[in-house]
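Data first, discussion second: the structure below is written as structure tokens.
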Amino acid sequence: MRTDMRKNSKSSWPKVIARKWLNIPSGAEEFQSDYAVNGETGDRRKSCCDQDYHSIVPGNFSEGWLTETAGGIKPSKSMPEPPPVTDSLNPRMFVGTWNVGGKSPHEGLNIRDWLSSPAPADIYVLGFQEIVPLNAGNVLGAEDNGPAAKWLSLIREALNSDQSDKELARCYSGATEESSPSSLQLEQQASLKPRTSFTDLLSMEDELGEEDFERLLNLNTNSSEEGSPSPTYMSGSPARQRFCLAASKQMVGLFLCVWVRTDLYKHISNLKVSCVGCGIMGYLGNKGSVSISMTLHQKTFCFVCTHLTSGEKEGDEIRRNSDVAEILKRTKFSRSFRDFRQPFHPENILDHDKVIWLGDLNYRLAPGCVDTHELLKKNNWQVLLEKDQLRIEQRAGRVFSGWEEGRIYFAPTYKYLADSDDYVVQTSNSKEKRRIPAWCDRILWKGEGLKQVWYSRGECRFSDHRPVYSLFSVHINLVNKLIPTAISCPPRFSSKSALSSACGAKVQAEELLVIPGHKAT
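Residues in the sequence shown are numbered from 1 upward in steps of one, following full-length UniProt numbering.
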């Protein structure tokens, strides 16, 4: 048995290498999810609009679906009443990016500092770069999924731990009090994050506006907007806010995962992934992007995690601009069969309603920046940012035209000595290794209804990069975006399906995950 396994493993290597070199997709549309169960463990449910495609959904996902049986397709017995609908929703979205330098996380690594934010989030979008070393074996060979599994385990534990419940309790401890938190309490709360002072927080007031600034500061649930999906805490005891993995995808060292509150997941549909390699020969996955597309309450979201061309020589920024253009051009999301009255799910990045671009963009400081040491000592970020290549290229209209990025009030995130707060440039005597500190790790966005209320960095010394994160308030207008409670299916025929020519059945929900089972006839 072991001999056979070794033979299979050896014989698969040439195929893997050939696929990567020839840019042939191999499981490119597959992704991991808490709800992507095997067909044997759940009901196989089928829409009469699907022909030879089937979808795998949780057993309790919808009682209004059609269930395929040996005798054909029968309508379900119960038809639940449609839930009440509010005019708008305002979920909070946490977005984080971290280049971990090819190191696998050790047991007990504390990532709560990175995942903490001024207010609890409803969605977590976390992107990683270099979760495995970018050597020939990982770039050309089979995918090493071990580190990704470890990161998922750490994230799940951090989001669902008792410690996070205690933090939520502190945030919402005033829910039963009539008075809002005092300014002293807010200042003490802000002081828990040494990387951003309370003075810096106050400086955001002009940028955000009075209303949004007060919403950021006021963590009392009594001040939550009507219709917000944020949980309500009663009797001074917070409800246990649990998160599940909506989707995760890896390409060599790039890894992107999306986590949502369990009660919010039922409103998410059309989860799809797409990978683009921009590395060696312009196609291999040592550089490139991993993207996840989804629909939340009929609004389409796209999250793009990228690792662009490295280097700080003159002209390297042009190669990074080219990477961005290639990712926008080559990222494609597959389309599934849908009812003809429903709009198609976006196929490209820019077709989505809201787009978040995160990752190690690798833009450096332009050559000629003098007195770097003095500016770093004085924390004079604004003068250093005048030489930031990303801002220079964006202002010139050569990249990310029309995209937005929040103001930066934190120190450059690269390059640090391992397990140290010192930049390499401050200690290294070798010119080859003297990397000028830069804001390589960034978060940008595009689309209406996205408002950034926090942009900062973590202080974990795990790699030569510091993690970066942002908190967004997402406005979703539900007016004129309602789906009919029942959709009549037009008659379709299939030699492999026992469908009646007069199919009058009704489908109440979108397919959660459409998986090609057989070729359509």
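Idealized CB from N, CA, C, for every residue including glycine. In this text the structure is predicted, and so the values were computed from the model without any measurement.
### Message
Out of Arg261, Ser33 and Lys415, which one is the CA nearest neighbour of Asn160?
### Response
Mapped onto the sequence shown, residue 160 falls at position 160. Closest by alpha carbon: Arg261.
### Task
Give the DSSP-derived three-state secondary structure of Asp441 in the structure shown.
For the purposes of this step, residue 441 is taken as the residue at position 441 of the sequence shown. In the structure shown, Asp441 sits in a strand (DSSP, three-state: E or B).
### Query
What residues are listed by DSSP as bridge partners for Asn477?
Translated into the one-based positions of the sequence shown, residue 477 becomes position 477. Per DSSP, Ser88.
### Message
Measuring CB atoms only, is the region 465-477 touching the region 95-107, in the sense that at least three cross pairs come out at less than 8 Å?
### Response
yes
### Query
To the nearest whole angstrom, what separates the beta carbons of Leu365 and Leu384, a pair I think is in contact under 8 Å?
Here the question's residue 365 lines up with position 365 in the sequence shown. Here the question's residue 384 lines up with position 384 in the sequence shown. Right, their Cβ atoms sit about 7 Å apart.
### Query
Could you check where the alpha helix (DSSP H) with His373 kicks off and where it finishes?
By one-based count along the sequence shown, residue 373 stands at place 373. From DSSP, the alpha helix (DSSP H) with His373 extends over Thr372 to Lys377.
### Query
Can Tyr414 and Phe243 be called in contact, C-beta distance under 8 Å?
Mapped onto the sequence shown, residue 414 falls at position 414. Mapped onto the sequence shown, residue 243 falls at position 243. No.
### Query
How far does the beta strand (DSSP E) with Ala247 in it reach, from first residue to last?
Here residue 247 refers to the residue found at position 247 when the sequence shown is read from its first residue. It spans Phe243 to Met251 - the beta strand (DSSP E) in which Ala247 sits, taken as one unbroken run.
### Message
Here's a check: name, in chain order, each residue in its chain whose Cβ is nearer than 7 Å to the Cβ of Pro229, leaving out the five neighbours to either side.
### Response
In the sequence shown, the residue the question calls residue 229 occupies position 229. Confidence at Pro229 is low in this model, with a pLDDT of 42, below 50, so its placement is unreliable and the value that follows should be read with caution. Cβ within range, chain order: Leu89, Pro91, Asp122 and Leu264.
### Query
Got a sec: does the ligand NAD put a non-hydrogen atom nearer than 7 Å to the Cβ of Lys103?
What this structure holds is no ligand at all, so the ligand NAD is not there to describe.
### Task
Answer yes or no: do Cys257 and Ala28 have a C-beta to C-beta separation smaller than 8 Å?
Residue mapping note: residue 257 aligns to position 257 of the sequence shown, counting from 1. Residue mapping note: residue 28 aligns to position 28 of the sequence shown, counting from 1. No; because the gap between Cβ atoms is not below 8 Å, this pair is not in contact.
### Task
Note down the Cα distance separating Leu192 from Gly96, rounded to an integer number of angstroms.
Taking the sequence shown and counting its residues from 1, one reaches residue 192 at position 192. Taking the sequence shown and counting its residues from 1, one reaches residue 96 at position 96. Per-residue confidence for Leu192 stands at a pLDDT of 42, beneath the threshold of 50, marking its modelled position as unreliable; no derived number is given.
#### Entry: Start-to-end residues for the alpha helix (DSSP H) that takes in Ile327
Along the sequence shown, read from residue 1 onward, the residue named residue 327 stands at position 327. Asp316 to Arg330 is the span of the alpha helix (DSSP H), which, as asked, contains Ile327.
### Query
So the alpha helix (DSSP H) Ser269 belongs to, where does it begin and stop?
Walking along the sequence shown from the start, residue 269 turns up at place 269. Premise fails: Ser269 lies in the beta strand (DSSP E), Ile268 to Gly277, not in any alpha helix (DSSP H).
### Query
By how many angstroms is the C-alpha of Gly368 removed from the C-alpha of Arg407?
Position 407 of the sequence shown, counting from 1, holds the residue named residue 407. Position 368 of the sequence shown, counting from 1, holds the residue named residue 368. Rounded to the nearest angstrom, the two C-alpha atoms are 23 Å apart.
### Message
Helix, strand or coil for Val424? Go by DSSP, reduced to three states.
### Response
Within the sequence shown, residue 424 is the residue found at index 424, counting from 1. The answer is helix: DSSP assigns Val424 an H, G or I state.
### Task
Measure the CB-CB distance between Ser33 and Ala246 and report whether it falls below 8 Å.
Residue numbering aside, residue 33 sits at position 33 when the sequence shown is read from its first letter. Residue numbering aside, residue 246 sits at position 246 when the sequence shown is read from its first letter. It is a contact, given that the beta carbons lie within the stated cut-off.
### Query
From Val132, Thr295, Pro147 and Glu312, pick the residue whose C-alpha is nearest to that of Arg435; which is it?
As a first step, residue 435 must be located in the sequence shown, where it is residue number 435. Measuring from the Cα of Arg435, the nearest candidate turns out to be Glu312.
### Query
Of the residues Val474, Pro412, Gly397 and Thr309, which one's Cα is nearest the Cα of Lys299?
Translated into the one-based positions of the sequence shown, residue 299 becomes position 299. Of the listed residues, the one whose Cα sits closest to Lys299 is Val474.
### Query
How would you write the range of the alpha helix (DSSP H) that Gln394 sits in, first residue to last?
Within the sequence shown, residue 394 is the residue found at index 394, counting from 1. Run containing Gln394: Gln389 to Arg395, per the alpha helix (DSSP H) assignment.
#### Entry: Of the residues Lys287, Arg319, His307 and Ile349, the one placed nearest Val273, counting alpha carbons only
Taking the sequence shown and counting its residues from 1, the one referred to as residue 273 is at position 273. Considering only alpha carbons, the answer is Ile349.
### For Asp360, three-class secondary structure by DSSP
Within the sequence shown, residue 360 is the residue found at index 360, counting from 1. The answer is strand: DSSP assigns Asp360 an E or B state.
### Message
Determine whether the beta carbon atoms of Glu448 and Glu393 lie at a separation below 8 Å.
### Response
For the purposes of this step, residue 448 is taken as the residue at position 448 of the sequence shown. For the purposes of this step, residue 393 is taken as the residue at position 393 of the sequence shown. No, Cβ-Cβ distance for Glu448 and Glu393 is not below 8 Å.
### Message
Applying the 10 Å Cβ sphere with the 16-neighbour rule, what's the burial state of Asn135?
### Response
To locate residue 135, count along the sequence shown from 1; it is residue 135. When all chains shown are included, Asn135 counts as exposed.
### Query
Would a C-beta distance cut-off of 8 Å place His297 and Leu115 closer than the cut-off?
The residue you call residue 297 lines up with position 297 of the sequence shown. The residue you call residue 115 lines up with position 115 of the sequence shown. The answer is no: Cβ separation not under 8 Å.
### Task
Quickly, what does DSSP pair Asp127 with across the bridge? List them, please.
On the sequence shown, residue 127 is found 127 positions in, with the first residue counted as 1. First, the amino acid is wrong: residue 127 is Gly here, not Asp. BP columns for Gly127 point to Thr97 and Leu256.
### Message
What does the alpha-carbon distance come out to for the pair Arg335 and Gly141?
### Response
Numbered from its first residue, the sequence shown carries residue 335 at position 335. Numbered from its first residue, the sequence shown carries residue 141 at position 141. Near 29 Å, if we compare the C-alpha coordinates of Gly141 and Arg335.
### Task
Please state if the CB of Glu130 and the CB of Gly277 are separated by a distance shorter than 8 Å.
Looking up residue 277 in the sequence shown gives position 277. Looking up residue 130 in the sequence shown gives position 130. It is not a contact, given that the beta carbons lie outside the stated cut-off.
### Query
In this structure, what does DSSP give as the bridge partners for Lys287?
Numbered from its first residue, the sequence shown carries residue 287 at position 287. Answer is none; Lys287 lacks a bridge partner.
### Message
Quick check on the DSSP output: the alpha helix (DSSP H) that includes Ser153 runs from which residue to which?
### Response
As a first step, residue 153 must be located in the sequence shown, where it is residue number 153. Gly146 to Asn160 is the span of the alpha helix (DSSP H), which, as asked, contains Ser153.
### Task
Below 8 Å on the Cβ atoms is my guess for Pro437 versus Tyr455; work out the distance and round it to an integer in Å.
Indexing the sequence shown from 1 puts residue 437 at position 437. Indexing the sequence shown from 1 puts residue 455 at position 455. That belief does not hold up - the Cβ atoms of Pro437 and Tyr455 are roughly 18 Å apart, past 8 Å.
### Task
Drop a sphere of 10 angstroms on the beta-carbon of Met281, count the other beta-carbons inside from all chains shown, and report buried for 16 or more, exposed for fewer.
Taking the first residue of the sequence shown as 1, we reach residue 281 at position 281. Exposed, because fewer than 16 other Cβ atoms sit within 10 Å of the Cβ of Met281.
### Query
Opposite Trp454 in the DSSP bridges: which residues?
Mapped onto the sequence shown, residue 454 falls at position 454. DSSP, once it has assigned bridges, lists Leu471 as partnering Trp454.
### Message
Can you tell me whether Leu385 is helix, strand or coil according to DSSP?
### Response
In the sequence shown, residue 385 corresponds to position 385, counting from 1. Here Leu385 sits in helix by DSSP.
### Query
Roughly how many whole angstroms lie between the Cα atoms of Asp371 and Thr427?
As a position in the sequence shown, residue 371 is number 371, starting the count at 1. As a position in the sequence shown, residue 427 is number 427, starting the count at 1. Their Cα atoms are separated by approximately 16 Å.
### Message
Could you tell me the alpha carbon to alpha carbon distance between Ala149 and Leu109, rounded to whole angstroms?
### Response
Numbered from 1 along the sequence shown, position 149 holds the residue referred to as residue 149. Numbered from 1 along the sequence shown, position 109 holds the residue referred to as residue 109. Cα-Cα distance, rounded: 14 Å.
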